[in-house]
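A.B. asks: I have a structure here, written as C-alpha cells, and I will follow up with some questions on it.
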C-alpha cells in the first residue's frame with residue numbers, strides 16, 4: 016500500500032510522465048523499499064490503466080490519448096448527471112453543509128501555476144456531490160475515472176477552462192441543489208463537464224501539434 020501511494024504521488028506531481036519507461040529498481044530506491052512491493056504496486060496500476068507491462072521489456076506509463084480522455088469525460092457526465100436526482104431528493108441539512116464546505120474549499124484553493132490544490136478540491140467537490148446520492152457502485156466508478164484523469168493527465172491540460180467559468184458553474188450547481196431544481200442542476204452539471212472536456216481536448220490537440228512541429 017505504501018508503494019502504491021508513493022507511486023501515485025509521483026504521477027500527480029509529474030515525477031512520472033506519460034510514455035515513460037519505468038525502472039522498478041529506481042522507484043524502489045526513491046521510495047526506500049524493496050522491489051517486491053513496487054512491482055505489486057505497478058501491477059495494480061496496470062489494472063487501472065495507468066501503466067502497461069511489455070514482456071521482456073518492463074513497465075511503461077501509458078501515453079496521453081485523445082480518445083481516452085473524451086470517453087472519460089463522457090462517462091463522467093453520464094454518471095454524475097444521473098446521480099443528481101437521488102442527491103437532490105434525499106439531501107439533508109448535514110449534506111448541504113458538507114457540499115457547501117466542499118464548494119468553499121474549491122473556491123478558496125490556491126491558484127498557483129501548477130493548480131495542484133485546485134485540482135484536488137475540484138475533484139473533492141464532484142465526489143462529495145456524487146457521494147450524497149449513496150450510489151456506491153457509481154461512486155467507485157467515478158473515483159476510478161478521476162484517477163485516470165488526475166494521475167495520468169497533467170493539471171495544465173485539464174484546467175484550461177477559465178477559473179471564473181468553473182467557479183460560476185459550481186456555485187450555480189450548488190444553488191440549484193439547495194432549492195431542489197433538478198432540471199436546472201442537470202443542465203448546469205452536464206454543460207460544465209462538457210465545457211471542461213472540450214477545453215481539455217483543445218489543449219491536447221495543441222500539444223500534439225507543437226510536438227509534431229518539434230519533430231519536423
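Residue numbers (the working numbering): 16 to 231. Think of the CB as a built atom: it goes at the ideal place given N, C-alpha and C, for glycine as much as any other residue.
#1: In whole angstroms, what separates the C-alpha of residue 298 from that of residue 164?
#2: If we call anything under 8 Å between Cβ atoms a contact, is residue 206 one with residue 99?
#3: Along the chain, where does the beta strand (DSSP E) that runs through residue 30 open and close?
#4: Taking the alpha carbon of residue 105 as the reference point, which residue from 86, 139, 148 and 23 has its own alpha carbon closest?
#5: Is DSSP giving residue 107 helix, strand or coil here?
#6: In angstroms, rounded to a whole number, what distance separates the CA positions of residue 78 and residue 33?
#7: Just to confirm before moving on: does the CB-CB distance between residue 95 and residue 134 stay below 8 Å?
#8: Taking contact to mean 3 or more Cβ pairs, one atom from each stretch, closer than 8 Å, check whether the stretch 62-76 and the stretch 28-48 are in contact.
#9: Tell me, please, whether the stretch 105-124 touches the stretch 134-146 by the rule of three or more beta-carbon pairs shorter than 8 Å.
#10: Going by DSSP in three states, residue 208 sits in which element: helix, strand or coil?
#11: Need the endpoints of the beta strand (DSSP E) that residue 73 sits in, please.
#12: Are residue 182 and residue 144 close, meaning C-beta to C-beta below 8 Å?
#13: Identify which residue in 18, 159, 101 and 220 has its Cα closest to the Cα of residue 47.
#14: Which residues bound the beta strand (DSSP E) around residue 190?
#15: Between 189, 199, 28 and 221, which has its C-alpha nearest residue 110's C-alpha?
#16: Using the rule of at least 16 other Cβ atoms within 10 Å of the residue's Cβ for burial, across every protein chain shown, is residue 166 buried or exposed?
#17: Which one or two residues does DSSP pair with residue 37 in a beta bridge?
#18: Quick one: Cα of residue 195 to Cα of residue 180, how far?
#19: Can you name the start and end residues of the beta strand (DSSP E) that residue 69 belongs to?
C.D. replies: Here's the rundown:
#1: In the structure as shown, the chain begins at 16 and stops at 231. Residue 298 is therefore absent and cannot be evaluated.
#2: no
#3: Careful: residue 30 lies outside any beta strand (DSSP E) and carries neither H nor E.
#4: 148
#5: coil
#6: 5 Å
#7: no
#8: yes
#9: yes
#10: helix
#11: 73-76
#12: no
#13: 18
#14: Unbroken run through residue 190 is the alpha helix (DSSP H), 178-193; no beta strand (DSSP E).
#15: 189
#16: buried
#17: 74
#18: 22 Å
#19: 66-69
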